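Q: Quick mapping for you: the protein sequence lines, in order, are chains A and B.
Just so you know, we're using our numbering here: the first sequence kicks off at 11 and counts up by one.
Just so you know, we're using our numbering here: the second sequence kicks off at 11 and counts up by one.
Glycine included, C-beta positions come from ideal geometry on N, C-alpha and C.
As the structure is a prediction and not an experimental result, all values here were calculated from the model.
One structure, as structure tokens, below. Some questions next.
2 protein chains.
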Amino acid sequence: MENTREIFQIMTRRFGLLNKSCCSAGGIDISLIQSHILYEIDHQHKPSVQKVAEALDTDITTFSRQIQSLIKMNLVKKTPDPDDRRVYVLSLTTEGAFVAASIDQQINAYLNEIFSQMNEFEKDTVIRSIKLLNDAMAKSSVCCTSPMG
Amino acid sequence: MENTREIFQIMTRRFGLLNKSCCSAGGIDISLIQSHILYEIDHQHKPSVQKVAEALDTDITTFSRQIQSLIKMNLVKKTPDPDDRRVYVLSLTTEGAFVAASIDQQINAYLNEIFSQMNEFEKDTVIRSIKLLNDAMAKSSVCCTSPMG
DNA sequence: TCAAATAATTGCAAAATGCAAATATTTAAG
DNA sequence: CTTAAATATTTGCATTTTGCAATTATTTGA
Numbered sequence: 011m012e013n014t015r016e017i018f019q020i021m022t023r024r025f026g027l028l029n030k031s032c033c034s035a036g037g038i039d040i041s042l043i044q045s046h047i048l049y050e051i052d053h054q055h056k057p058s059v060q061k062v063a064e065a066l067d068t069d070i071t072t073f074s075r076q077i078q079s080l081i082k083m084n085l086v087k088k089t090p091d092p093d094d095r096r097v098y099v100l101s102l103t104t105e106g107a108f109v110a111a112s113i114d115q116q117i118n119a120y121l122n123e124i125f126s127q128m129n130e131f132e133k134d135t136v137i138r139s140i141k142l143l144n145d146a147m148a149k150s151s152v153c154c155t156s157p158m159g
Numbered sequence: 011m012e013n014t015r016e017i018f019q020i021m022t023r024r025f026g027l028l029n030k031s032c033c034s035a036g037g038i039d040i041s042l043i044q045s046h047i048l049y050e051i052d053h054q055h056k057p058s059v060q061k062v063a064e065a066l067d068t069d070i071t072t073f074s075r076q077i078q079s080l081i082k083m084n085l086v087k088k089t090p091d092p093d094d095r096r097v098y099v100l101s102l103t104t105e106g107a108f109v110a111a112s113i114d115q116q117i118n119a120y121l122n123e124i125f126s127q128m129n130e131f132e133k134d135t136v137i138r139s140i141k142l143l144n145d146a147m148a149k150s151s152v153c154c155t156s157p158m159g
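Have a look at this one:
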């Protein structure tokens, strides 16, 4: 258990680099944070501004401005919620969905390349392990439980 | 393979949150980036300013200033390299080493809590899987190979 | 011996951050 | 009902962070 953190540190940093480098799609440059926002909007069901900000653990005022940029870039749409007019619902524009899909594709291509170095059994084991880990983290009381399914 | 990215995204974001929340030690508040810098200095052998900046994929000028803050906080020391006087070698002060160890401990405590939900076999499998993953990523040509062992 | 290369720092202007306050709307209590 | 408290989002503003271009100091190689 001594160097457990170390292997996690290496892993998460590599994925961080991956995300960092994977932020250009169709001539549009996207910051790392913007990429995360697009991903999150894409994966939540009609999320409010607050929901996405929480999921990404970002200050709501900062997030509000980040959304403004994405709207200016025509990647995100903000629609008033008819049930509660304080709330704005976020969604991707056609262009935003395209960019998100493109980034997704780039990252999956990288993951596929990584997994191509393993046999089927190893690959299954690794994927099952990560799911196990995610479940365990979701149950943990110490940290980081609240957002994300 | 469809949702492979998704499980990685969840995992890395959870660890990101963990790091974010684990950045206070002995009354000293540390930013996420500062925590990564301390970790990296601690794990490299007499690294130069440039080496650490590269490992963390940070712009060298930004990094130079981050080091300046850490020196002001008395967590990092900068020593001229006798072999090449353009170079400065970074190391942790006693206090910096203490802070780094404390953060390490907090993160390991969290990891232990997570693993306590698994049996020995699962735990071994998960750890072996992550090592496998790290090796595969290190070999990959697509992305993110250069820094880090 | 001197021009090119390298390591690190600084100037500066642009971008990101987050607290406090403002706005708009909803909820709940009397 | 009416109105005060609560909630969702946005803006004002001051601070911090960022990164390109230029600078300094040193080393390397022709």
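#1: Buried or exposed: where does B:Asn29 fall if 16 or more other Cβ atoms within 10 Å of its Cβ makes it buried?
#2: Which residues does DSSP list as the beta-bridge partners of B:Val97?
#3: Roughly how many angstroms separate the alpha carbons of B:Gly36 and A:Glu64, rounded to a whole number?
#4: Output, in chain order, the set of chain A residues within a Cβ distance shorter than 7 angstroms of B:Phe25.
#5: Using a C-beta cutoff of 9 angstroms, does B:Pro157 count as contacting chain A?
#6: In whole angstroms, give me the CA-to-CA distance for A:Ile17 and A:Ile43.
#7: Could you list the residues in the segment 44 to 66 of chain B with a C-beta less than 7 angstroms from some C-beta on chain A, going in chain order?
#8: Does any residue of chain A have a CB that is nearer than 9 angstroms to the CB of B:Phe125?
#9: Please report the straight-line C-alpha distance between A:Leu121 and A:Gln127, rounded to a whole angstrom.
#10: Under 7 angstroms Cβ-Cβ, which residues of chain B neighbour A:Lys141?
#11: On a Cα-Cα basis, can you pick out the residue from A:Ser58, A:Leu142, A:Leu143 and A:Ser45 that is closest to A:Asp94?
#12: Taking the alpha-carbon positions, what's the A:His46 to A:Val97 distance?
#13: Output the boundary residues of the alpha helix (DSSP H) element that contains B:Lys87.
#14: Is B:Asp134 helix, strand or coil when you go by DSSP?
#15: Going by the DSSP bridge assignment, what does A:Leu102 pair with across the sheet?
#16: By a C-beta neighbour count over all protein chains shown, 10 Å radius and 16 as the cutoff for buried, is B:Lys133 buried or exposed?
#17: Roughly how many angstroms separate the alpha carbons of B:Thr72 and B:Lys82, rounded to a whole number?
#18: What in chain A is Cβ-close to B:Thr135, meaning under 7 angstroms?
#19: For A:Gln115, which of A:Lys56, A:Ser34 and A:Thr14 has the nearest alpha-carbon?
#20: With a Cβ-Cβ cutoff of 9 angstroms, do A:Leu48 and A:Ala119 count as a contact?
#21: For a test of the three-state rule: what should DSSP assign to B:Asp67, helix, strand or coil?
#22: Would the C-beta of A:Thr68 count as close to the ligand FMN, meaning under 8 angstroms from any of its heavy atoms?
#23: Grab me the residues of A:Gln78's own chain with a C-beta within less than 8 angstroms of its C-beta, minus the 5 sequence neighbours each way, in chain order.
#24: Check the DSSP bridge columns for A:Ala146 and list the partner residues they point to.
#25: Looking at the unbroken alpha helix (DSSP H) that takes in B:His53, where does it start and where does it end?
#26: Report all residues from its chain with a CB closer than 7 angstroms to the CB of B:Ser112; omit the five preceding and five following residues, and keep chain order.
#27: Starting from the beta carbon of B:Glu132, find every residue of chain A whose beta carbon is closer than 7 angstroms, and list them in chain order.
#28: Does A:Ala111 have its Cβ less than 9 angstroms from a Cβ in chain B?
A: By the coordinates alone:
#1: Per the 10 Å Cβ criterion, buried.
#2: Within the DSSP bridge table, the entry for B:Val97 names no partner.
#3: One C-alpha to the other measures close to 28 angstroms.
#4: Within 7 angstroms Cβ-Cβ: Phe18 and Thr22.
#5: With a pLDDT of 42 at B:Pro157, under the threshold of 50, the predicted position of this residue should be treated as unreliable, and no value is reported.
#6: If you draw a straight line from the Cα of A:Ile17 to the Cα of A:Ile43, it comes to about 24 angstroms.
#7: Correct list: Tyr49.
#8: Flagged as an interface residue toward chain A: B:Phe125, by a C-beta distance shorter than 9 angstroms.
#9: Each residue's alpha carbon lies about 10 angstroms from the other.
#10: Within 7 angstroms Cβ-Cβ: Ile17.
#11: The shortest C-alpha to C-alpha distance from A:Asp94 to any of A:Ser58, A:Leu142, A:Leu143 and A:Ser45 is the one to A:Ser58.
#12: Cα-Cα distance, rounded: 21 angstroms.
#13: Boundaries around B:Lys87 are those of the beta strand (DSSP E), Val86 to Pro90, since no alpha helix (DSSP H) includes it.
#14: Here B:Asp134 sits in helix by DSSP.
#15: For A:Leu102, which the question treats as bridged, DSSP gives the partners A:Val86.
#16: Looking at its Cβ environment, which holds 16 or more other Cβ atoms inside 10 Å, B:Lys133 is buried.
#17: Cα-Cα distance, rounded: 16 angstroms.
#18: Near B:Thr135 (Cβ distances below 7 angstroms), the residues of chain A are Thr135 and Ser139.
#19: Comparing Cα-Cα distances from A:Gln115 to each of A:Lys56, A:Ser34 and A:Thr14, the minimum goes to A:Ser34.
#20: No.
#21: Reduced to three states, the DSSP call for B:Asp67 is coil.
#22: For the structure depicted, the ligand FMN is absent and the ligand set is empty, with no information on it obtainable.
#23: Cβ within range, chain order: n/a, list empty.
#24: Paired residues: none, contrary to the question.
#25: From DSSP, the alpha helix (DSSP H) with B:His53 extends over Leu42 to His53.
#26: Its chain contains Ala35 and Gly36 as the residues whose beta carbon lies nearer than 7 angstroms to that of B:Ser112, once the 5 sequence neighbours on both sides are disregarded; these appear in chain order.
#27: The answer, in chain order, is Leu142.
#28: Among the CB atoms of chain B, none fall inside 9 angstroms of the CB of A:Ala111.
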